Each structure stands twice: as C-alpha cells, then as structure tokens.
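Peer 1: Residue numbers (the UniProt record's numbering): 1 to 120. All C-beta atoms, glycine included, are put in the ideal place defined by N, C-alpha and C. As the structure is a prediction and not an experimental result, all values here were calculated from the model. Before I ask anything, let me first share the structure, which is written out below as structure tokens.
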C-alpha cells in the first residue's frame, strides 16, 4: 500500500492508457482538445466564459471603465483595485505599527521590515 492508497495505480492507468508510468502524447493531446480552444493562440479554456475573458487579450476589449478617469480594464477585479486608488481606501493594515496599505503585496513587503529592521 502506498501513501496514495491502493487505488492510485488503477486510477493513473485509466488517465494515461495502459502503462501507469507513461502519459502518452495522444492522451495528453486528447485532453487538450476537450474544452474551448482560442482561435488566436494555443490556449484551451475549460469553460467558455474563461475563453471569452482570455480573448480580450487578443481583441483589445476592456469592458470595465473607471467612472472617474479614462482608464479601462479587462477584469472587473482590476477596476475594483483601481478605484481604491481614487478613493484613498487602505483596507490592509500592519498589526505591528498600524500603517495602512491599499494592496496586500505592499503590506507583505512592509511587514518584512519589522522582521529584519537592519535592511531599511
């Protein structure tokens, strides 16, 4: 018995063909053709809605327009993050010193300074 349980190799065989240690090119290609292929590149999306968003990188569509400036975005989340810049909203705060940030990444970088103050 393995760490994966006794059903691991039969499952692997079903996915790959007959040999559990060999994923054939034909099987990999068959799995890639299922789904929704992009007509402009080799990308294959699992869902049609994901393909629609992907195709925006080819056709230049940016449906999410900022109401405060000319900036527009491919993804709604990018518009939401952008509007925080306009509003000055800083929802992420450092529990050590209380400094606030608009992005989690900025908070993470800041918190490293508390762990290693000599690098300032």
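Whose C-alpha, out of 74, 103, 96, is nearest the C-alpha of residue 117?
Peer 2: Checked all of 74, 103, 96; the closest Cα to residue 117 is 96.
Peer 1: Could you please give the first and the last residue of the uninterrupted alpha helix (DSSP H) stretch that includes residue 74?
Peer 2: Careful: residue 74 lies outside any alpha helix (DSSP H) and carries neither H nor E.
Peer 1: Judging by CA-CA distance, which residue of 51, 104, 75 is the nearest neighbour of residue 93?
Peer 2: The shortest C-alpha separation from residue 93 is found at 104.
Peer 1: Which one or two residues does DSSP pair with residue 44 in a beta bridge?
Peer 2: In DSSP, residue 44 forms a bridge with 37.
Peer 1: Once the 5 residues before and after residue 62 are set aside, which same chain residues still bring their CB inside 8 angstroms of it?
Peer 2: 56, 72, 73, 74, listed in sequence order.
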